[in-house]
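Heads up, the thing below is written out as structure tokens.
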Amino acid sequence: EGGEPSLNRPGFPSVNVPELDELFSTMRDKCFQTSKYPVIFIFELHCRDSVQQKLATMLKTFLGFGLNKDFENCTPEDCKERFLVVADASQAGEGESATVHKALKELCTFEMHPFQGSLGAIQKQFDANKAMAGKQILRLKDAHLELNMEKGEVFANFNDKHLSYWIPRNETTNSFAADAWALGVQM
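So for the sequence shown, the numbering used here puts the first residue at 3; every next one is plus one.
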């Protein structure tokens with residue numbers, strides 16, 4: 003909106019959405035009062051590079067102390083009271099950047115990849131990128147999850163080495179997460 007980062011919640015018209023700076027400030031101040039578990043921000047980016055750069059500045063300003071971008075040798079203790087950032091530009095539309103801007107990428111803990119092709123091809127792609135080892139997340143929609151659940155052990159082995167993220171939205175009204183968790187889907 004007007005070249006500024008904003009939160010968009012399509013399909014949730016009754017939700018009163020705060021400004022991002024207000025949201026980040028509140029989260030910084032109150033997020034870990036009852037639980038020390040990390041908060042994972044998954045940003046689906048539908049914006050130009052200049053807006054992504056402003057978002058990165060906002061994250062540093064409001065959450066800088068709590069951002070954890072080094073996940074490679076991270077222990078569960080290291081993740082307590084931390085914000086983990088995932089940026090996903092793969093859903094970008096016309097006139098929007100299909101890449102994550104460098105300033106935002108530097109703050110990211112993980113990189114999101116949509117399911118395309120076969121699980122074997124994705125496994126090879128993930129394994130070949132040593133620089134991003136352990137930082138790549140496979141994003142699945144319901145149809146992809148069902149397809150991979152049929153492969154059972156192959157999919158479970160993939161999840162043993164890599165992270166996967168299931169998006170149960172707009173495709174089903176009665177998602178049953180236990181099936182996905184049984185095969186190792188983490189988020």
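The C-beta atom is built at its ideal place from N, Cα and C for all residues, glycine as well.
Practice task
Just tell me which of His48, Leu22, Gln127 has its CA closest to the CA of Lys62.
Solution key: Position 60 of the sequence shown, counted from the start, is the residue given in the question as residue 62. The shortest C-alpha separation from Lys62 is found at Leu22.
Exercise for the section: May I ask you to report which of helix, strand or coil DSSP gives Glu155? Expected result: Working through the sequence shown from its first residue, we reach residue 155 at position 153. Helix at Glu155.
Practice task
Answer yes or no: do Val41 and Phe112 have a C-beta to C-beta separation smaller than 8 Å?
Solution key: Taking the first residue of the sequence shown as position 1, residue 41 is located at position 39. Taking the first residue of the sequence shown as position 1, residue 112 is located at position 110. In this structure, Val41 keeps its C-beta atom at 8 Å or more from the C-beta atom of Phe112.
Practice task
Return the first residue and the last residue of the beta strand (DSSP E) that Glu113 is part of.
Solution key: Here residue 113 corresponds to residue number 111 of the sequence shown, with the count starting at 1. It spans 112–116 - the beta strand (DSSP E) in which Glu113 sits, taken as one unbroken run.
Problem - Distance between Leu9 and Pro20 (C-alpha atoms, nearest Å) - result: For this step, residue 20 is matched to residue 18 along the sequence shown. For this step, residue 9 is matched to residue 7 along the sequence shown. Our two residues, Pro20 and Leu9, have alpha carbons roughly 8 Å apart in a direct line.
Exercise for the section: Check Ala105 in the structure and name its three-state DSSP category. Expected result: Translated into the one-based positions of the sequence shown, residue 105 becomes position 103. Reduced to three states, the DSSP call for Ala105 is helix.
Practice task
Within 10 angstroms of the Cβ of Asp129, are there 16 or more other Cβ atoms? Answer buried if so, exposed if not.
Solution key: One-based indexing of the sequence shown puts residue 129 at position 127. Classification of Asp129: exposed, given that the 10 Å Cβ count is below 16.
Practice task
Note down, in chain order, each residue of its chain lying with its Cβ closer than 7 Å to the Cβ of His164, except the 5 sequence neighbours on either side.
Solution key: Indexing the sequence shown from 1 puts residue 164 at position 162. Cβ within range, chain order: Phe128, Gln138, Leu140.
Handout entry: DSSP three-state assignment for Glu79, whether helix, strand or coil
Key = By 1-based counting over the sequence shown, the position of residue 79 is 77. Glu79 sits in a helix when the DSSP states are folded into three classes.
Handout entry: Cβ separation of Glu6 and Lys38, assumed to be a contact under 8 Å, to the nearest whole Å
Key = Along the sequence shown, one-based indexing puts residue 6 at 4. Along the sequence shown, one-based indexing puts residue 38 at 36. 32 Å between Cβ atoms; not a contact.
Exercise for the section: Might you give, ordered along the chain, the residues of its own chain that have their beta carbon closer than 7 Å to the beta carbon of Ser16, omitting 5 neighbours on each side? Expected result: Translated into the one-based positions of the sequence shown, residue 16 becomes position 14. The predicted position of Ser16 is uncertain, since its pLDDT is 47 and thus under 50; a value taken from the coordinates is nonetheless stated next. Nothing listed; no residue qualifies.
Practice task
Output the boundary residues of the alpha helix (DSSP H) element that contains Leu22.
Solution key: Position 20 of the sequence shown, counting from 1, holds the residue named residue 22. Judged by DSSP secondary structure, Leu22 falls within the alpha helix (DSSP H) whose first and last residues are 22–32.
Practice task
Give the secondary structure of Gln35 by DSSP, where H, G and I count as helix, E and B as strand, and everything else as coil.
Solution key: Locating residue 35 in the sequence shown gives position 33, counting from the first residue. The DSSP-derived three-state label of Gln35 is coil.
Problem - Backbone CA spacing between Thr174 and Tyr167 [nearest angstrom] - result: Within the sequence shown, the letter at position 172 stands for residue 174. Within the sequence shown, the letter at position 165 stands for residue 167. Residue placement at Thr174 is poorly supported in this model, since its pLDDT is 48, which falls under 50; the coordinates still yield a value, given next. Distance between the alpha carbons of Thr174 and Tyr167: 16 Å.
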